[in-house]
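Sequence lines, in order, name chains H, E, V, W and F.
When the letters of the first sequence are read in order and numbered with the numbering used here, they come out as residues 1 to 282.
When the letters of the second sequence are read in order and numbered with the numbering used here, they come out as residues 1001 to 1282.
When the letters of the third sequence are read in order and numbered with the numbering used here, they come out as residues 2001 to 2326.
When the letters of the fourth sequence are read in order and numbered with the numbering used here, they come out as residues 3001 to 3326.
When the letters of the fifth sequence are read in order and numbered with the numbering used here, they come out as residues 4001 to 4277.
Encoded as structure tokens, the structure appears first; notes follow it.
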Amino acid sequence: MSEQSTTSGHLVRAVNVSKSFGENEVLKGVDMTVDRREVVCLLGPSGSGKTTFLRLINQMETLTGGRIWVGDELIGFVERNGRLHVRKDKDIARQRSRIGMVFQRFNLFPHMTALENVMEAPVHVKRMQRAKARQEALELLEQVGLSDRARYYPAQLSGGQQQRVAIARALAMRPELMLFDEPTSALDPELVGEVLGVMRSLAKEGTTMIVVTHEVGFAREVADRVVFMDGGVVVEEGSPDEVLLRPREARTRTFLSRVKQEAELGAQHDVELARTLEGLER
Amino acid sequence: MSEQSTTSGHLVRAVNVSKSFGENEVLKGVDMTVDRREVVCLLGPSGSGKTTFLRLINQMETLTGGRIWVGDELIGFVERNGRLHVRKDKDIARQRSRIGMVFQRFNLFPHMTALENVMEAPVHVKRMQRAKARQEALELLEQVGLSDRARYYPAQLSGGQQQRVAIARALAMRPELMLFDEPTSALDPELVGEVLGVMRSLAKEGTTMIVVTHEVGFAREVADRVVFMDGGVVVEEGSPDEVLLRPREARTRTFLSRVKQEAELGAQHDVELARTLEGLER
Amino acid sequence: MTEKVEAEQALQQEERPGRIDAVPVRHYGRWLAVAVITVLLLMLLNMLIFNPVFNWPFVLEVMNQAPVIDGLLKGTLLVTLLTMVLGVVGGVILAVMRLSENPVLRSVSWAYTWFFRSVPRIVLLTIMGAAMGLIFPQGIALGVPFDWKLIDWLGLSGDWRFLTLDANTLFSGFMGAVLGLGASEAAYMAEIARAGILSVDVGQQEAAQAVGMSRRQSMIRIVLPQAMRVIVPPTGNETIAMMKDTSLLIALPLTAELFYQVSAIGSRTYQIVPSYLAAVVYYLVITSILMVGQSYLERRFGRGFGTTVKSDKAKAEIGLQAGLAK
Amino acid sequence: MTEKVEAEQALQQEERPGRIDAVPVRHYGRWLAVAVITVLLLMLLNMLIFNPVFNWPFVLEVMNQAPVIDGLLKGTLLVTLLTMVLGVVGGVILAVMRLSENPVLRSVSWAYTWFFRSVPRIVLLTIMGAAMGLIFPQGIALGVPFDWKLIDWLGLSGDWRFLTLDANTLFSGFMGAVLGLGASEAAYMAEIARAGILSVDVGQQEAAQAVGMSRRQSMIRIVLPQAMRVIVPPTGNETIAMMKDTSLLIALPLTAELFYQVSAIGSRTYQIVPSYLAAVVYYLVITSILMVGQSYLERRFGRGFGTTVKSDKAKAEIGLQAGLAK
Amino acid sequence: LSACGSNSLGGSGNSAAPSTKVSVNADLAAKLPAKIKSAGEIVVGTDATYAPNEFLDTDGKTVIGMDVDLFDAVAAKFGVKVEWQPSKFDPIIVGVEGGKFDMGVSSFTINDKRKQQVNMVSYFSAGTEWATQAGNPKKVDPNNACGLKVAVQSKTVQEEEDLPVRQAKCGKNKINILPFSGQDQATSAVVSGRADAMLADSPVVSYAVKQSGGKLEAVGEIYDAAPYGYVIKKDQTEFANAIVEALKELDAEGSYKAALSKWGLENGAISDFAVNP
Ligand SMILES: Nc1ncnc2c1ncn2[C@@H]1O[C@H](COP(=O)(O)OP(=O)(O)OP(=O)(O)O)[C@@H](O)[C@H]1O
Ligand SMILES: Nc1ncnc2c1ncn2[C@@H]1O[C@H](COP(=O)(O)OP(=O)(O)OP(=O)(O)O)[C@@H](O)[C@H]1O
Ligand SMILES: [Mg+2]
Ligand SMILES: [Mg+2]
């Protein structure tokens, strides 16, 4: 149990992670590892603790039990003389800056342009030169396909564009690890594709990512590993095809067939409408 | 052009109706008749003036040109000595009480329960006895399938339930004519059905209705006549099958194929999701 | 087998880290602040109790004097009540005028509000007390306007006024207090009432008219009850502010008023600190009661608007983390 | 053929009703109201111009007196500026204390706010002017707290104070004015600053910290700029209110102040109506300027929040229909 | 800061140097309380809204008036300057006790209650005088004021002692007393007819009558002539006695009378200066 315990080569190693809010135990001993350049998709019903797990990694919440290492550092605590000490705020900020996080509700800074959003952390956290930060920010905006929107305020951008700026903002700190918490669930269906596209190319470039998502298609195509959580524990994990198509656990199967059913139901209304007009003469 | 000009048997007769907002001419001479017990569906692209036309019938806006009769009365004006005089507020209120209107955003009174919403107008406009009004209101709530929600406030009801209360509220004044302005377009897909169901049974009972809607399926099934508007004029009208499947005008065809295309696109995402999980073992 | 499994489990349990019991970060700066504040509080307490100038028994005696209690009830509480009634009624009328399509009504309402919101209340009350009789030496008359001109033109004599109010009676004492503060309050309430009416969704008005309600009916039964949600909380604040502003009546002057009465005792007994303290204690008590009343009213008027009262706690916690960095 | 079509069209055109040119409903009540108001306005104007008591030349003369202008600049405007600076700084500190997780800081902030919001400013200023020297007869000393007790215990003599401020100097005149009104304003600003900080979405704070900002940084660069949108408009109102409340300094008294100076002229010349009028005119002018400034600030701070300034016109029109029924 | 604006609105008897040069008396100077001695000035609390005794000059800062001229001369005898600090009227006596002011000079009429609180040195005799609108339209008789509306400055002897005695005799038909915070407001109330009459110290009334430009007139005699007194701390009796000496010397030199006549108040001159008479 030394601090230097990820010599194993894992980028993220979570051991017996538990978290309670008052009486409510939300995570009940989660173990998980993520290798460098690996893409892990987290799946699970609402309330299963997926968001909480990501927030623990990024220290938006404090651990109740267990340990999380990112790289070679224990997250949130330092061990001195055999006791854990809470890290100082400065140290926590430094650890966070090594991890990029993208939220469901993009949380762009509304009083800054897209460019300023992306430059903010490099300039004020890394103390990078403005000119250099601007250069890099423009490159990142180019990468997410928004070089022509640099001077727009968030309110002037569509949801999909905002989410892509948020991704660029997280990438600007050159994080070792990217966390995505349902990055497309607040988007209109026609905007989902553009955000998933950006994430797909990030994955191709070898970015280490943990992605909470309900986009089963994306998970099947991009993920190296799929982890299914329920009730605060990891129920099963494995390759996408294993977990999504041949789940071993009953809970996984129930969840996936409900997802499937909902999609089918949603499709039905539109299909019917289209069918009504099927006879429409061209 | 006498006031008594709907001896023709039409319940609604609109002749050369035009409406401008300042410079912007929104309706450019619309003619339309609706017989008693007839259901007319109004279709058309956004901005074509459908809402404005309904609002003119119910005097939420004032006519710029033309005439509208409902029953045997000229709407909004009285003719005296060969000149039109604007009706007094009291008179306008009386005319409105003969017409029921259901809005896109239900506009229930949030400080009253469902029951109070329905009782409000009979008690305070018709001066009906409270006991009798309550009796009738409960019957109407029963009719829209909400007798168990009488004591709920709007905020405690789902969108579909709110819209059904709004229909009951409009019916409570025993109107000769019901106007619906996209009554389902603010609803989640799974709630659309319950509202359309209520409207379907109203139509069966012989209520005269003008319905603005994009629910092509509903129009095809329920409407006696479909009217397609664009750019402030009636482009074409006829039986549902005529207009929806064999449109004569190019504008109608363009509009309908766009509706169809959008539905197909919407269906696609869900279908894909379902297909991803197609191999899911049961 | 079972033994082996158990052993393995035990081993694993040992290896698996359990509950976290970490040494927290010491916030020395924060505790220093607490220490300083505690000492200051102790000093304040020490002063309040042991400084003979405060003379608490005398404070209680002052609070118990008949004219002081009378001043509190009449000059402070009753005046507050009456001015707020006047203010709310006047404010709603002004708001309706302000929203009228008639430009004359609109500008008059604007000018009234502008004037009364621009002039300090103490100046207003001083002028009312001292100058109204000078401005209206013949009193304020109800009758035919410009009658003297008309009578002159017509070659008649006499006047056409059926009721003359003495400006000095009208604008002094209790009447003057209520009129002056009420007129001023109406200007403030007008803005509040206007905001309240405008806050109600247009669709509500339309829905009410669609079922056949008249404009007046829909205003009274649909719009105003909903506007109340927006109007009541600031009206509560206005009431508290007005209660405090009754102390300005010393400029009118209204003698049957709390602050005037304690000042009188102070100047008579030369015990000014405990005398003023008596007023301070009363103001603290009444404001506290009014604040409780207001929070009750706020809750009452949220009826039917769902769970608008979101937990501020999560927000507050973030704010606190942010605020007290280091 | 063509002829026939044209004829038919002509016929149809005649039968088809065209533009509506209807006789509007007469709103007799509304016009009566306008008439009454117009007459009242004429009477007011008549009085303002022809009533000799107003003596406008004298008003202008009073407005042009050096001590009056001096009082306006120093006692009214400068005091307003300084108290608002003190109030905003104090208010933000109090707000941060109030949102702290430390119960001592939280309750001190609450108690401070409660006290200063409960006591009328005129009472506060009167007490400051009259009683502070009595409460702190030895002045206010900076040094080791409870030094006299400690020295006594230790058997020493002398004192451990390195700076003693005379309470009479500290709490009277210009200094007293700024301290008193500033301390009071801080209590009001605290609520405003708190509401502003709480109004910023929690996600903003989290997003800032997620990219590695410290709590202080995210407060200063992310939360406060957004809180400004909520803080600035009421701060503008507070400034206007404070400008008017400088007239209360007559209770301290601060002689270099507008209202005190016009009163002095009134008491010297017995021309009190025009003297007070001079102050009223100044207050009207300054408030109007401040109001314009405020609306500019409000617009300035909407930056980056999209088109939040929705057209109130449609709403106002409905309101007006509703309000002026009949 | 105040370069603009004029100082044209006069009162009466604008500031002129003290009429006679006053010489310092070293014996008296020795009796100054230590605090004054070291400061070289006497801090005097005064309510500068009481023309002609004490009011602000046209510069809006300088306190002028009969009290000012006379006491400046007294201070000159001690070889110190006077720092005139405008205050509200009520807290002056308490302010002297509490050390906020060294002395109070603000037309304080000597009475028993005040004498219990502080030392008072008599220096002028003022009576109470009534005034009403010119021509006395309401037929005001000070001796029968029952039922009248009477304006008075609050916390003055007139409000606290004179009127209550009259009130007691009135029974049901009470005097309607209007206590204003300033004498100017009380005077205006009479000019405007808000009050039927006012009563105040005789110097004030005669100044008001003069300033009102014929709108006011005095009614009845000056009565209850009572001395004004300087307010000095109870434990500074030695200093009080020294002030009596100084007044006597000023009287002998003629500068006492000169100070009064400058304001037309020589009628109020006294010669029996004393501590707590
Ligand atoms: N700050 C908090 N205080 C108390 N309970 C919390 C808090 N945050 C989360 N929870 C609870 O923890 C549980 C897990 O929440 P979490 O947000 O991690 O679920 P999730 O898997 O992300 O669900 P979803 O798919 O709905 O986002 C829920 O029951 C939730 O109510
Ligand atoms: N009060 C108004 N003032 C000015 N223009 C208006 C007003 N109401 C509607 N319009 C304009 O009139 C045109 C027609 O609007 P209307 O709402 O009738 O269209 P619609 O057919 O109902 O469209 P949708 O399907 O989007 O509801 C639009 O261009 C709209 O901008
Ligand atoms: Mg979640
Ligand atoms: Mg529409």
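All residues carry an ideal CB built from backbone N, CA and C; glycine is no exception.
Distance between residue j and residue i (C-alpha atoms, nearest Å)
| i | j | result |
| --- | --- | --- |
| E:E1272 | H:L244 | 14 Å |
| W:V3025 | E:V1039 | 35 Å |
| V:T2147 | F:F4089 | Residue identity differs from the one stated: residue 2147 of chain V is Asp in this sequence, not Thr. Distance between the alpha carbons of V:D2147 and F:F4089 is about 47 Å. |
| F:N4111 | V:L2044 | 37 Å |
| F:Q4153 | V:A2111 | 35 Å |
| W:L3077 | H:R94 | 47 Å |
| E:L1256 | E:R1225 | 16 Å |
| V:S2263 | V:N2102 | 49 Å |
| F:T4046 | V:Q2271 | 19 Å |
| E:V1198 | H:T276 | 21 Å |
| V:M2213 | V:E2298 | 28 Å |
| V:E2061 | W:S3184 | 28 Å |
Exposed unless 16 or more other CB atoms sit within 10 angstroms - verdict on residue i
| i | result |
| --- | --- |
| E:K1050 | buried |
| V:A2157 | Reading off the sequence shown, one finds Ser at residue 2157 of chain V, where the question assumed Ala. It is exposed - the Cβ of V:S2157 has fewer than 16 other Cβ atoms within 10 Å. |
| F:K4233 | buried |
| H:F218 | buried |
| V:I2286 | buried |
| H:A263 | buried |
| H:D270 | buried |
| W:S3109 | buried |
| V:Y2028 | exposed |
| F:P4091 | buried |
Beta-ladder partner(s) of residue i, from DSSP
| i | result |
| --- | --- |
| F:Y4228 | F:T4109 and F:F4124 |
| W:P3145 | Looking at the DSSP assignment, W:P3145 forms no beta bridge with any residue, so it has no partner. |
| H:L177 | H:I99 |
| E:V1024 | Here the sequence assigns Asn to residue 1024 of chain E, which means Val is not the residue at that position. Paired residues: E:F1021. |
| F:P4086 | F:T4046 |
| H:D230 | H:V233 |
| F:T4132 | F:A4197 and F:E4217 |
First through last residue of the alpha helix (DSSP H) which encompasses residue i
| i | result |
| --- | --- |
| F:K4037 | A4034 to A4039 |
| W:Q3204 | V3202 to A3210 |
| H:V70 | Looking at the DSSP string, H:V70 is not in any alpha helix (DSSP H); the run it does join, the beta strand (DSSP E), is G65 to V70. |
| F:C4170 | L4163 to C4170 |
| F:A4242 | T4237 to E4253 |
Residue interval of the beta strand (DSSP E) (run including residue i)
| i | result |
| --- | --- |
| H:L265 | H:L265 -> not in any beta strand (DSSP E); alpha helix (DSSP H) instead, spanning A250 to T276. |
| F:Q4153 | K4149 to Q4153 |
| F:E4054 | E4054 to L4056 |
Which runs of the alpha helix (DSSP H) at least 4 residues long sit entirely within the stretch 80-163 of chain H? Give them in chain order.
89-97, 114-124 and 130-143
Ordered list of alpha helix (DSSP H) runs contained in the stretch 3209-3294 of chain W, each at least 4 residues:
3224-3245 and 3258-3269
My parser needs the alpha helix (DSSP H) runs of 4 or more residues fully inside the stretch 1177-1209 of chain E; what are they?
1189-1204
Mind pulling the alpha helix (DSSP H) runs of 4 or more residues that sit fully within the stretch 3057-3143 of chain W?
Fully enclosed alpha helix (DSSP H) runs of 4 or longer: 3066-3070, 3079-3098, 3103-3118 and 3121-3135.
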